[in-house]
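Scroll down for the structure; my scribbles are underneath it.
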Amino acid sequence: MRFALILSLMMALAPWDAGAQEVFQKGPFTVRKLHGICKLEIAMQLDGRPAAILALFPGDTHYDELFTEKERIGLARDQVVVQFDREPPIRLEFTPDLASGNQFWEWQYLKGTGGLLDQVKRRSEMEIRFSNGQKEFQFSVSLKGSSKAAQALRSCNSGGGEGTAPDKD
Numbered sequence: 105m106r107f108a109l110i111l112s113l114m115m116a117l118a119p120w121d122a123g124a125q126e127v128f129q130k131g132p133f134t135v136r137k138l139h140g141i142c143k144l145e146i147a148m149q150l151d152g153r154p155a156a157i158l159a160l161f162p163g164d165t166h167y168d169e170l171f172t173e174k175e176r177i178g179l180a181r182d183q184v185v186v187q188f189d190r191e192p193p194i195r196l197e198f199t200p201d202l203a204s205g206n207q208f209w210e211w212q213y214l215k216g217t218g219g220l221l222d223q224v225k226r227r228s229e230m231e232i233r234f235s236n237g238q239k240e241f242q243f244s245v246s247l248k249g250s251s252k253a254a255q256a257l258r259s260c261n262s263g264g265g266e267g268t269a270p271d272k273d
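Numbered by this note's numbering, the letters in the sequence shown go through residues 105 to 273 in order.
See the structure below:
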């Protein structure tokens, strides 16, 4: 029974491809590398368990991603609102027709996120809000340690290659 619980928790925590390599992990921040492309994942918890992940790519060659846990949240709708340190909110739209999922996670790609990674590494707190069409979700993430995560992302990206997120046109 304990093994099944641990296995299900591991699967629930892994929305990314099984071939991905974890390069850095501290607090809510994970830098992951897959096929030579690295991304910074910011985990958000609901009831003490990861329920959503915002994945940011350096530069503007790939769409950033929002993963939401299928069972507790489902697919996010309309837009994502991000706010740093009580500054004006940033509204992010989903890229149409690029949503996908597996048995544990739903994911969508975000457009117009330029500069979000720079904000993450310079600010002290981030609030993320979105709706699944029936319920509003709000997460607060302390950005303490985000500059180390951003530095790990920069170091990780010195390789190159093809990633899993769709390229921007």
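The beta carbon of each residue, even a glycine, is placed where N, CA and C say it ideally should be.
The stretch 181-189 and the stretch 223-237 touch, with no fewer than 3 CB-CB distances between them shorter than 8 angstroms. Contact check between the stretch 196-207 and the stretch 122-142: fewer than three CB pairs, one atom from each, fall below 8 angstroms, which does not count as touching.
Secondary structure note for Leu-257: its alpha helix (DSSP H) is the uninterrupted segment 250-260. Gly-237 and Ala-180 have their C-alpha atoms some 7 angstroms from each other. In the DSSP assignment, Lys-130 forms a beta bridge with Phe-133. Boundaries of the beta strand (DSSP E) harbouring Leu-150: 141-150, taken from the DSSP string. The beta carbons of Leu-214 and Thr-199 sit about 7 angstroms from each other, so the pair counts as a contact at 8 angstroms. In this chain, Gln-207 is not harboured by any alpha helix (DSSP H), its DSSP state being neither H nor E. Of the other Cβ atoms in all chains shown, fewer than 16 fall within 10 Å of the Cβ of Asp-151; this residue is therefore exposed. Within its own chain, the residues whose Cβ lies closer than 6 angstroms to the Cβ of Ala-156, once the five positions on either side in sequence are excluded, are Met-148 and Thr-172, listed in chain order.
Across the set Gly-131, Gly-163 and His-166, the C-alpha of Gly-131 shows the shortest separation from the C-alpha of Arg-153. Lys-143 is positioned such that its CB atom lies closer than 8 angstroms to that of Phe-161.
With 16 or more other Cβ atoms inside 10 Å of its own Cβ, Glu-145 counts as buried. Measuring C-alpha to C-alpha distances from Trp-209 to each of Glu-169, Pro-193 and Gly-218 identifies Glu-169 as the nearest. Inclusion of Arg-227 and Leu-257 in the CB contact set at 8 angstroms is not warranted, their separation being larger than that value.
Restricting attention to beta strand (DSSP E) runs no shorter than 3 residues, the stretch 214-251 encloses them at 229-235 and 240-246, ordered along the chain.
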